[in-house]
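First up is the structure itself, then whatever we jot down about it.
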Amino acid sequence: MDDLTRTGATGLGPLADDDRRDRGRRPDGPRAKGPKREAGILVVGLGRFGSAIAATLDRLGQDVLAVERDPDLVAQWSGRIPLVEADATNPEALEQVGARDFSVAVVGVGSYLEASVLITGNLVDMGTPQIWAKAISNEHARILQRIGAHHVVLPEADAGSRVAHLVSGKMLDYIEVEDGFTIVKMKPPRETQGFTIGQSKIRERYGVTVIGVKSPGIDFVYATPETRIAANDLLIVSGHAELLERFAARP
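Using the working numbering, the letters of the sequence shown map in sequence onto residues 1309 to 1559.
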């Protein structure tokens, strides 16, 4: 099978006709040079991780192109997202799909370490401005970082850490931003219920900041000292992870 085979036209989503014909050329035909796609996103690999990213980006109207070498996955996603069948471990195949034109690339191949490293290395050699790569272990992540991936994601480790925080207290959602700074969605401790944020002195007593409050049937509102907290409200709170854990553990 050739390194590159374009799927049927129904799978091209928002791509223009000229661009379809251009990206549909096989490796033995020249690819016309076009302007650099400043916002284009290339997604390599259509496993659970890559397909979720590609499908979401396409639904949001982003200029996205997926690359997959498994014919079964290509058939599964054909007609649903812009898609090319190609072996991205081959730099010539990446050139043919126009990988240089994309400002962001996501390497969703994680289970096959050699393929993950080769694809990431190819994108680094092409000078892709932003490369996001999936890793399945800390060792895998270190390799990807050393060869030039700008952002490395460990989905299972991140999800496990997040779930551990959620099952241990009142937290309903948990996002660690960086260096321990975290944003959580949680139920309000009993001592804050019926009082305004100013009266509860949450910042002074617990070192965390209530960003907003969501009451049932009412739109989210940004919190002020006058915002009153009810028992059935949800709080959006930010701060250091340890301080948030203590606040969420309050009865």
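Note that CB positions come from ideal geometry on N, CA and C, so glycine has one too. None of the values given here were measured: they were computed from a predicted structure.
Beta-bridge analysis with DSSP links Gly1520 to Tyr1530 and Ile1544. Rounded to whole angstroms, the gap between the alpha carbons of Gln1501 and Ala1539 is 5 Å. Ile1544 is not a Cβ neighbour of Lys1495, given a cutoff of 9 Å. A straight-line Cα-Cα distance of about 18 Å links Ala1394 and Val1412. The C-beta of Phe1357 has 16 or more other C-beta atoms within 10 Å across all chains shown, which makes the residue buried. Secondary structure of Ile1537 (DSSP, three-state): coil. Secondary structure at Ser1419: coil, using DSSP grouped into helix, strand and coil.
Assignment of Ser1411 by DSSP, reduced to helix, strand and coil, places it in the strand class.
Scanning its chain for C-beta atoms nearer than 7 Å, with the 5 sequence neighbours on each side dropped, one finds around Pro1533 the residues Thr1504, Ile1505 and Gly1506, in chain order. Counting other Cβ atoms within 10 Å of its Cβ, Asn1446 stays below 16 and is therefore classed as exposed.
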